[in-house]
Amino acid sequence: MAVNLKIIFRITASKLITNNVQIFSKRSIKSATSDVQIISTERVKPSLPTRKHLRTYKLSLIDQMNSDFYIPLVFFYSASCKNQDFRKKSDLLTQSLATTLTHYYPFAGRFIDANVGCDLSKFLQPPDMELLQQLIPPSPQLSNLEISERELLAVQVNLFNSGEMAIGVCFSHGVADGSAIFNFMKTWGEIARGVINDNDNMCNNNIVLNCTSLFPPVKFPQQYQIRSPQSSRKIVFKRLLFDGKKIATLKEKVNRELMANNNSDDDVLQATRFGVVSALIWGASIAVARERKRAIDNMLYSHSMYYTMNLRNKMNPPMFPRCMGNIFRLVRAEWSLAEDDAIEVTNLVRTVIKAKRMGRDVMNNDEYLDFIKDLYEAWEDSRSFPLTSVVGLPYYEVDFGWGKPVWFSLGPILLPDIAILSSTSDGEGIEALVVMFKEDMENFEQETNIMAYASANPSIFIRK
């Protein structure tokens, strides 16, 4: 039967697992402080055969937009995994992953073991962001394979000299959004610990959904697909930590101002940690864009922040929280400004809150494609800043039986003018991974609000 690979992936286990993909049997990668050596690589498939009627996964419109894009992330664990203990834990991870894949059956791919030539404590003080990239499997996005032939999941288990472990993963965004990815990881951990098994209700629920009824696929215009830019300018990424106490104080101040200026006809607006931090980042990115425009004798009349909104709990009835797929949409907050307009945090927060409420309005495919077209045009013209958030997702609950992670981080995503937010382990602060062109990042870091509320790549200390 003919298959249109722009619309669906073939997902039979044999198709994904026996593709002619590059396998790294041994690889040595050096950074300024240490090296990472690949010890072994194997292919992992579901522990049970995928049923015949499930061997084709249809891509929705949102899947299509993200099918060329991969999401890298890494979890750090402080429990000792030395010598034979590491081999046992690696085997447990492989076996439990195979079981997990029977429920999230589109995923299959590589499993890599690696040694890291330094101690975890040394790596985290402060985090070596260059080495961090080597703890995550090479993205299939960088291969020359067609999208339909690439692995959808790769895992790399890294053993540090001191016995601690880091688990790096790389997921295809073509079949999963942030919520799906982190629930996959949490489920994998629960299966490894024996908390859930095939007889539990969770595993009997329909985790993998056909989302084409929500976002019908189309003959997909290539220009709407998320892609890395073709530019000779250097792209850099920075890890920023927004202090929990400072953000709480600012949130109280913003809420007082929102209440004082509240129109009786409006609903009461309440700022959140996400709203406050996203406004700080957005305000700084507006200032950077304004300077970029001035450099070419141009003016910035408006600027937009696009951010993601999970739709699972907004459907009627709400969807199963652990369901897989890209079940989100982008929301746009727009700011109009004149040459010397001040960028007030409270006003930006108000705009973000109102945009989120309006984002619940339903769009048909044509309207959403026009919406995405506007995003790309504004992005290329320095008039927008996409921001995504995994704040509130259960990444610090990913426990394979040797405790919860001491730190979690997303890997670098080389798309300029974008930020990704995540909570700190205590749930109070927010970390931001910001990606910009080098010259813009230098200006961004010097913005007053960034300097006042954020610190650049601080050390992480492990509690004994």
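Note that my numbering has the sequence shown beginning at 112, numbered continuously upward. Idealized CB from N, CA, C, for every residue including glycine.
{"Query": "Residue closest to N226, alpha-carbon to alpha-carbon, out of I247, F482, T213", "Result": "I247"}
{"Query": "Beta-carbon proximity check, S250 vs Y181, cutoff 8 Å", "Result": "yes"}
{"Query": "Per DSSP, cross-strand counterpart(s) of A181", "Result": "One point to set straight first is that residue 181 is Tyr, not Ala, in the sequence displayed. Paired residues: S283."}
{"Query": "Residue interval of the beta strand (DSSP E) (run including F222)", "Result": "220 to 227"}
{"Query": "Inter-residue Cα distance where the pair is L127 and E275", "Result": "At L127 the pLDDT is 27, less than 50, meaning the model places this residue with poor confidence; the figure from the coordinates comes in the next sentence. Distance between the alpha carbons of L127 and E275 is about 32 Å."}
{"Query": "Short Cβ contact (8 Å threshold) for F326 with I531", "Result": "no"}
{"Query": "Spatial distance of S570 from Y564 (CA atoms)", "Result": "16 Å"}
{"Query": "Sequence ranges, beta strand (DSSP E) only - wholly within the region 528 to 567, length at least 3", "Result": "529 to 534, 541 to 548, 565 to 567"}
{"Query": "Residue environment, F572, which counts as buried when at least 16 other CB atoms sit within 10 Å", "Result": "exposed"}
{"Query": "Sequence ranges, beta strand (DSSP E) only - wholly within the region 442 to 517, length at least 3", "Result": "495 to 500"}
{"Query": "Buried versus exposed call for M436 [16 or more other C-beta atoms within 10 Å across all chains shown]", "Result": "Checking the sequence shown, residue 436 turns out to be Gly, not Met. Buried, because 16 or more other Cβ atoms sit within 10 Å of the Cβ of G436."}
{"Query": "Span of the beta strand (DSSP E), counted from its first residue to its last, around V266", "Result": "264 to 271"}
{"Query": "Which of helix, strand or coil DSSP assigns to Q133", "Result": "Only weak support exists for where Q133 lies, its pLDDT of 27 falling under 50; the coordinates are left without a value."}
{"Query": "Closest Cα partner of D551 within the set D485, L263, D528", "Result": "D528"}
{"Query": "Ranges of the beta strand (DSSP E) found wholly within the region 381 to 451, counting only runs of at least 3", "Result": "413 to 421, 439 to 447"}
{"Query": "Cβ neighbour criterion (16 or more within 10 Å) applied to T559", "Result": "exposed"}
{"Query": "Member of L270, M176, E301, R166 whose CA lies at the smallest distance from the CA of Q206", "Result": "E301"}
{"Query": "Cβ shell of I561 (< 6 Å), same chain only, five flanking positions each side left out", "Result": "A395"}
{"Query": "Own chain, CB closer than 6 Å to M430, minus 5 neighbours either side, in chain order", "Result": "R423"}
{"Query": "Residue environment, L521, which counts as buried when at least 16 other CB atoms sit within 10 Å", "Result": "buried"}
{"Query": "Range of the contiguous beta strand (DSSP E) that encloses F348", "Result": "346 to 353"}
{"Query": "Simplified DSSP assignment, three categories, for I571", "Result": "coil"}
{"Query": "Length of the line joining the Cα atoms of R344 and E553", "Result": "14 Å"}
{"Query": "Contact check, L448 vs Y412, beta carbons under 8 Å", "Result": "yes"}
{"Query": "Cβ separation of G540 and I392, assumed to be a contact under 8 Å, to the nearest whole Å", "Result": "That belief does not hold up - the Cβ atoms of G540 and I392 are roughly 14 Å apart, past 8 Å."}
{"Query": "For K297, the first and last residue of its enclosing alpha helix (DSSP H)", "Result": "289 to 304"}
{"Query": "Beta-carbon proximity list for S415, same chain, < 6 Å, skipping 5 on both sides", "Result": "R443, E445, A489, S495"}
{"Query": "Bridge partners - I278, DSSP secondary structure assignment", "Result": "F186, V268"}
{"Query": "Local Cβ density within 10 Å of L544, reported as buried at 16 or more and exposed below that", "Result": "buried"}
{"Query": "Other residues of its chain near M296: CB distance less than 6 Å, five sequence neighbours each side excluded", "Result": "V509"}
{"Query": "Within 8 Å, strictly: CB atoms of Q245 and V329", "Result": "no"}
{"Query": "Length of the line joining the Cα atoms of K515 and L320", "Result": "29 Å"}
{"Query": "T167 - DSSP class collapsed to helix/strand/coil", "Result": "strand"}
{"Query": "Nearest-angstrom Cα separation, counted from T419 out to Q267", "Result": "28 Å"}
{"Query": "Contact between the region 207 to 220 and the region 228 to 240 (3+ Cβ pairs under 8 Å)", "Result": "no"}
{"Query": "K200 classed as buried or exposed, judged by whether at least 16 other C-beta atoms fall within 10 angstroms", "Result": "buried"}
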